[in-house]
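Trainee: FYI, the numbering for the sequence shown is 40 to 736, going by this note's numbering.
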Amino acid sequence: MKSRRILFGLLPMFAVLIILMAQSATPSKALPAAALSSAALSSTLPSYEGTIAAPDFPTDVDWINVAKPLTMAQLRGKVVLLDFWTYGCINCIHILPDLKRLESEYANELVIVGVHSAKFSTEGNTAHVRQIVQRYEIDHPVLNDNRLQMWTTYGVQAWPTVILIDPLGKILGDYSGEGVYDSLSPVISTMVNQFDTRKAIDRTPIITAPQAAAIAAPLSFPGKVLADTAGGRLFISDTGHNRIVVVDLKTYAALAVIGSGAEGLQDGAYTTASFYHPQGLVLNGNTLYVADTDNHAIRAVDLDKATVSTIAGTGEESLADPTIQPLKTPAIKTALNSPWALTTVGDTLYIAMAGAHQLWAFDLKTNALRPYAGSGQEGLQDAPLLQAQLAQPSGLTTDGKLLYFADPEASAIRVADLNPNGAVRTLVGTGLFDFGDTDAVGDAARLQHALGVTVASDGKLYIADTYNSKIKQIDPVTRTVKTLFGHVEGGLRDGSDPLFNEPGGLSFADGKLYIADTNNSAIRVADLSTMQVSTITFPDADVLAVQNASVFGGETIRLAAQTVAPGDAHLIVNINVPRGFRLNDTAPFALHISAADPVLSAPPPDVSTIQPMMPITLPLTLKAGQIDLTADADVYYCDAVNEKLCYVARVRLIVPLTVSAGSPVTDVALTYTVAPPKVPANTVPTNTVPTGAASGQ
Numbered sequence: 040m041k042s043r044r045i046l047f048g049l050l051p052m053f054a055v056l057i058i059l060m061a062q063s064a065t066p067s068k069a070l071p072a073a074a075l076s077s078a079a080l081s082s083t084l085p086s087y088e089g090t091i092a093a094p095d096f097p098t099d100v101d102w103i104n105v106a107k108p109l110t111m112a113q114l115r116g117k118v119v120l121l122d123f124w125t126y127g128c129i130n131c132i133h134i135l136p137d138l139k140r141l142e143s144e145y146a147n148e149l150v151i152v153g154v155h156s157a158k159f160s161t162e163g164n165t166a167h168v169r170q171i172v173q174r175y176e177i178d179h180p181v182l183n184d185n186r187l188q189m190w191t192t193y194g195v196q197a198w199p200t201v202i203l204i205d206p207l208g209k210i211l212g213d214y215s216g217e218g219v220y221d222s223l224s225p226v227i228s229t230m231v232n233q234f235d236t237r238k239a240i241d242r243t244p245i246i247t248a249p250q251a252a253a254i255a256a257p258l259s260f261p262g263k264v265l266a267d268t269a270g271g272r273l274f275i276s277d278t279g280h281n282r283i284v285v286v287d288l289k290t291y292a293a294l295a296v297i298g299s300g301a302e303g304l305q306d307g308a309y310t311t312a313s314f315y316h317p318q319g320l321v322l323n324g325n326t327l328y329v330a331d332t333d334n335h336a337i338r339a340v341d342l343d344k345a346t347v348s349t350i351a352g353t354g355e356e357s358l359a360d361p362t363i364q365p366l367k368t369p370a371i372k373t374a375l376n377s378p379w380a381l382t383t384v385g386d387t388l389y390i391a392m393a394g395a396h397q398l399w400a401f402d403l404k405t406n407a408l409r410p411y412a413g414s415g416q417e418g419l420q421d422a423p424l425l426q427a428q429l430a431q432p433s434g435l436t437t438d439g440k441l442l443y444f445a446d447p448e449a450s451a452i453r454v455a456d457l458n459p460n461g462a463v464r465t466l467v468g469t470g471l472f473d474f475g476d477t478d479a480v481g482d483a484a485r486l487q488h489a490l491g492v493t494v495a496s497d498g499k500l501y502i503a504d505t506y507n508s509k510i511k512q513i514d515p516v517t518r519t520v521k522t523l524f525g526h527v528e529g530g531l532r533d534g535s536d537p538l539f540n541e542p543g544g545l546s547f548a549d550g551k552l553y554i555a556d557t558n559n560s561a562i563r564v565a566d567l568s569t570m571q572v573s574t575i576t577f578p579d580a581d582v583l584a585v586q587n588a589s590v591f592g593g594e595t596i597r598l599a600a601q602t603v604a605p606g607d608a609h610l611i612v613n614i615n616v617p618r619g620f621r622l623n624d625t626a627p628f629a630l631h632i633s634a635a636d637p638v639l640s641a642p643p644p645d646v647s648t649i650q651p652m653m654p655i656t657l658p659l660t661l662k663a664g665q666i667d668l669t670a671d672a673d674v675y676y677c678d679a680v681n682e683k684l685c686y687v688a689r690v691r692l693i694v695p696l697t698v699s700a701g702s703p704v705t706d707v708a709l710t711y712t713v714a715p716p717k718v719p720a721n722t723v724p725t726n727t728v729p730t731g732a733a734s735g736q
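1. Let me know if alanine 78 comes out buried or exposed under the rule of 16 or more other beta-carbons within 10 Å of its beta-carbon.
2. Using the C-alpha atoms, what's the distance from glycine 127 back to serine 433?
3. Can leucine 442 and alanine 462 be called in contact, C-beta distance under 7 Å?
4. If I follow the unbroken alpha helix (DSSP H) through isoleucine 129, where does it start and stop?
5. Between the Cα of valine 516 and those of Pro108, Asp497 and Pro537, spot the shortest distance and give me the residue it belongs to.
6. Three-state secondary structure (DSSP) at alanine 451?
7. Exposed or buried, what is glutamate 594 when buried is set at 16 or more other beta-carbons lying within 10 Å of its beta-carbon?
8. For methionine 652, count the other beta carbons within 10 Å of its own beta carbon; 16 or more makes it buried, fewer makes it exposed. Which is it?
9. Counting only C-beta atoms, is asparagine 323 closer than 7 Å to chain C at any point?
10. With which residues is threonine 346 paired in a DSSP beta bridge?
11. Taking the continuous alpha helix (DSSP H) assigned at aspartate 581, which residues delimit it?
12. Under a three-way DSSP split, which group does leucine 187 fall into?
13. Can you look up glutamine 170 in the DSSP assignment and give me helix, strand or coil?
14. When burial is assigned at 16 or more other CB atoms within 10 Å of the CB, is leucine 388 buried or exposed?
15. Tell me proline 658's beta-bridge partners as DSSP assigns them.
16. May I have the straight-line CA-CA distance separating arginine 174 from asparagine 281, to the nearest angstrom?
17. Go ahead and pull the three-state DSSP assignment for alanine 483.
18. For aspartate 504, which residues of its own chain have a beta-carbon under 6 Å away from its beta-carbon, when the five flanking residues on both sides are left out?
19. Do the stretch 87 to 106 and the stretch 175 to 182 touch if we need at least three Cβ pairs shorter than 8 Å?
20. According to DSSP, which residues form a beta bridge with serine 299?
21. Tell me whether the beta-carbon of valine 646 lies closer than 7 Å to the beta-carbon of leucine 630.
22. Counting pairs of Cβ atoms below 8 Å between the stretch 335 to 347 and the stretch 297 to 314, do you hit three or more?
23. In whole angstroms, what is the alpha-carbon distance linking isoleucine 134 and glutamate 144?
24. For proline 542 and aspartate 556, which I take to be in contact (beta-carbon distance under 8 Å), what is that distance rounded to the nearest angstrom?
25. Which residue marks the beginning of the beta strand (DSSP E) containing phenylalanine 547, and which one marks its end?
26. Tell me whether alanine 688 counts as near the ligand SAM, meaning its Cβ is closer than 6 Å to at least one heavy atom of that ligand.
27. Round the Cβ separation of leucine 425 and serine 414 to the nearest angstrom and send it over; I've been treating them as touching at under 8 Å.
28. Could you pull out every residue in the same chain whose Cβ sits closer than 7 Å to the Cβ of glutamine 305, ignoring the five residues on either side in sequence?
29. Does the stretch 257 to 275 come close enough to the stretch 315 to 328 that 3 or more CB-CB pairs lie under 8 Å?
30. Could you work out which residue in Val340, Asp438 and Glu355 is closest to valine 384 when comparing CA atoms only?
31. To which residues of the same chain is leucine 80 closer than 7 Å at the C-beta, ignoring the five residues directly before and after it?
32. So glycine 89 and aspartate 122 are supposed to be a Cβ contact under 8 Å. How far apart are they, rounded?
33. Three-state secondary structure (DSSP) at aspartate 235?
34. Is the beta carbon of proline 605 closer than 7 Å to that of lysine 662?
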């Protein structure tokens, strides 16, 4: 959904001039971005002060990554960057590294606020946004603009759009599309320098409460799955853990873990190789090909030698015009754009290049790599292969005669001929903004951002209708669509009436569908003969535990069991320090609630705040069942008399919880008082936290 409406300039060196034109300022000279430094704050430089006061945030929206809603008044003294995004948009995903880089370079001067303005109805659900924030590892504050209040107020027209606000709370300009860092960094740098001379920069940290890191084990947001009946193996893209997991197809015992788990682009042995959010998988002989999506690369795994190598892509996103076919550049030196799914026909590897809105073909014998279908323009238009318009292709399969692919931004399932003189045709889908949940024939049917497609032995297509949290079947001859499993509300439930949570990939083998149930961080199996769904349990989950995951190093305390009623509830947190002590006024109290069970439909937001007022009330939505609700807390506190002696208590509190319709209780109580530190007389404690400092994590 990329637009190129830019007020910051197409090139950084023109950013100053264009901003000034947009804001009606009158500089005497426009300077290159390289000259915009603290040493160049003369009268010849334009003023980086906006003219229009930035409207405040709505008061009736949900926030993520903060303990309480923000206001524009709280952000005075900061450069503020509003990022308008929607979580299915590939261009929105592409600018996240730029935002992280800006956050790192201007950690004390810049505050980024994500404004999630949904395209699809499912994207507007706060619980789903919270999961995506966790999956995408976003740490800055995010508000759910699901009624498009901010979008309308600020006149936004495209995803992604960023709006820059000066430290006095005035709008400077906006930028739509990718290339955020190069355009904004020189502007922010000069703005900080200029407002510093006016003593208008406030470097006091804004307290955030980031979501917890991705689930430690055994899987984290798996994107794709591949069943290999001949080899008796199941390959899983463990996307959130940056690795590929291989298990036995019958017992699900671990056979191999491919990748160290660290984000990176490193070849070598399984234990040292690294990936970055891998997605699509395909097997050709005993070589496993991997779409290493956020590395913008194709990797080859030699399953005999247990090694990983890069065969296409430079590790950088291609910023070239996708309508222009590349020259005869070696594949390893050809920049790619978010490869998301793979399939093979003979010696040709076909790639769903989501970021380029194209399918590409890679000749595995000659290493020739080229666009195969799609003009590069985002849309839903049937035409000869390279003239057709695609919309972020993210699922790909073949029956050996045709290519079938999922085009999620058009909520479409489409077909491409294998004959290079052929065309692209649409089975389901009618436009970029036509989506829904309708079982019907042809153009009357509706999907919602479907990411996965596989073909069965009888020629039927099975679809991961992602945002509808359903598995559907399509007859490619009659174009008939019908739901097989799932309900739009989503969840995690097995049996004949199962629930899924935004499944992203699936693979057919021997009458079964193997499903990457992404937001449940699980692999599900649908038996098409019995129409029963089960969730894979790994018998040796410890083998799949992420070796570099943080290990809890505190004390575990089991509290008294509680019984509460299902529905909307509250978690009342009351964690106190012992008598004679006080909470540290410089180090944040931190709380993370976790639960790997559908009883808790979504954990409440994390808390990170200095000297919180107890009790803290957090929202919960509970379903009938039993669960161990776990709360990890870091409590920093000091001796109220001798204030130089400060401590940290790291505790894991476990509440056995029964959710039953017969209970009159609606809230869960989490009550605990930290035990006094055991410190020998005249001895400085070994785990002290000096006032004004925080201990290492």
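The C-beta atom is built at its ideal place from N, Cα and C for all residues, glycine as well. Quantities reported herein were computed from a predicted structural model and do not represent experimental measurements.
Mentor: Quick answer:
1. For the purposes of this step, residue 78 is taken as the residue at position 39 of the sequence shown. For alanine 78, the predicted structure reports a pLDDT of 31, less than 50, and the residue's modelled location is therefore unreliable. A value from the coordinates is still provided. By the neighbour-count criterion, in which a residue is buried when 16 or more other Cβ atoms sit within 10 angstroms of its Cβ, alanine 78 is exposed.
2. To locate residue 433, count along the sequence shown from 1; it is residue 394. To locate residue 127, count along the sequence shown from 1; it is residue 88. Serine 433 and glycine 127: Cα-Cα distance of roughly 11 Å.
3. Numbered from 1 along the sequence shown, position 403 holds the residue referred to as residue 442. Numbered from 1 along the sequence shown, position 423 holds the residue referred to as residue 462. Not a contact, by the Cβ cut-off of 7 Å.
4. Along the sequence shown, one-based indexing puts residue 129 at 90. Where isoleucine 129 is concerned, the enclosing alpha helix (DSSP H) stretches over 129 to 133.
5. Position 477 of the sequence shown, counted from the first residue, corresponds to residue 516. Ranking the options by Cα distance to valine 516, first place goes to Asp497.
6. The count along the sequence shown starts at 1 and reaches residue 451 at position 412. Looking at alanine 451 - three-state DSSP - the assignment turns out to be strand.
7. In the sequence shown, residue 594 corresponds to position 555, counting from 1. Looking at its Cβ environment, which holds fewer than 16 other Cβ atoms inside 10 Å, glutamate 594 is exposed.
8. Here residue 652 is taken as the residue at index 613 of the sequence shown, counted from 1. Exposed, by the Cβ-count rule.
9. Absent here is chain C; the protein component of the structure consists of one chain.
10. In the sequence shown, residue 346 corresponds to position 307, counting from 1. Per the DSSP secondary-structure output, threonine 346 pairs in a beta bridge with Ala308 and Asp341.
11. What you label residue 581 is simply residue 542 of the sequence shown in a count that begins at 1. Run containing aspartate 581: 580 to 583, per the alpha helix (DSSP H) assignment.
12. For the purposes of this step, residue 187 is taken as residue 148 along the sequence shown, with counting starting at 1. DSSP places leucine 187 in the coil class of the three-state scheme, outside both helix and strand.
13. As a working mapping, residue 170 is identified with position 131 in the sequence shown. In the structure shown, the three-state DSSP call for glutamine 170 is helix.
14. Along the sequence shown, one-based indexing puts residue 388 at 349. Under this definition leucine 388 is a buried residue.
15. Translated into the one-based positions of the sequence shown, residue 658 becomes position 619. According to DSSP, which records beta bridges pairwise, proline 658 is partnered with His609.
16. As a first step, residue 174 must be located in the sequence shown, where it is residue number 135. As a first step, residue 281 must be located in the sequence shown, where it is residue number 242. For arginine 174 and asparagine 281, the distance between alpha carbons rounds to 12 Å.
17. As a working note, residue 483 is residue 444 in the sequence shown. DSSP places alanine 483 in helix when its eight states are reduced to three.
18. The sequence position of residue 504 within the sequence shown is 465, counting from 1. Answer for aspartate 504: Leu486, Ala489 and Lys511, listed in chain order.
19. They touch, by the three-pair rule.
20. Stepping through the sequence shown from its first residue, residue 299 is reached at position 260. DSSP, once it has assigned bridges, lists no residue as partnering serine 299.
21. Working through the sequence shown from its first residue, we reach residue 646 at position 607. Working through the sequence shown from its first residue, we reach residue 630 at position 591. Closer than 7 Å, so yes.
22. These segments touch.
23. Translated into positions along the sequence shown, residue 134 becomes position 95. Translated into positions along the sequence shown, residue 144 becomes position 105. Taking the straight line joining both Cα atoms gives about 16 Å.
24. Position 503 of the sequence shown, counted from the first residue, corresponds to residue 542. Position 517 of the sequence shown, counted from the first residue, corresponds to residue 556. Confirmed, Cβ separation roughly 5 Å.
25. Translated into the one-based positions of the sequence shown, residue 547 becomes position 508. In the DSSP assignment, phenylalanine 547 falls within the unbroken beta strand (DSSP E) covering 544 to 548.
26. In the structure shown, the ligand SAM is absent, as is every other ligand, since no ligand is present at all.
27. As a working note, residue 425 is residue 386 in the sequence shown. As a working note, residue 414 is residue 375 in the sequence shown. Contact between leucine 425 and serine 414 is confirmed by a C-beta separation of about 6 Å, below the 8 Å threshold.
28. If you number the sequence shown from 1, residue 305 lands on position 266. Contacts found: Thr311, Ala312 and Ser313.
29. A contact exists between the stretch 315 to 328 and the stretch 257 to 275.
30. Here residue 384 refers to the residue found at position 345 of the sequence shown. Among Val340, Asp438 and Glu355, the Cα nearest to that of valine 384 is on Asp438.
31. For the purposes of this step, residue 80 is taken as the residue at position 41 of the sequence shown. Bear in mind that the predicted position of leucine 80 carries a pLDDT of just 31, short of 50, making it unreliable; the figure below should be weighed with that in mind. Excluding five sequence positions before and after leucine 80, the CB atoms of its chain that fall closer than 7 Å to its own CB belong to Asn232, Gln233 and Thr236, given in chain order.
32. Stepping through the sequence shown from its first residue, residue 89 is reached at position 50. Stepping through the sequence shown from its first residue, residue 122 is reached at position 83. Contact doesn't hold; Cβ gap of about 17 Å is too wide.
33. Residue 235 sits at position 196 when you count from the first residue of the sequence shown. In the structure shown, aspartate 235 sits in a helix (DSSP, three-state: H, G or I).
34. By one-based count along the sequence shown, residue 662 stands at place 623. By one-based count along the sequence shown, residue 605 stands at place 566. Their beta carbons are under 7 Å apart, which means lysine 662 touches proline 605 by this criterion.
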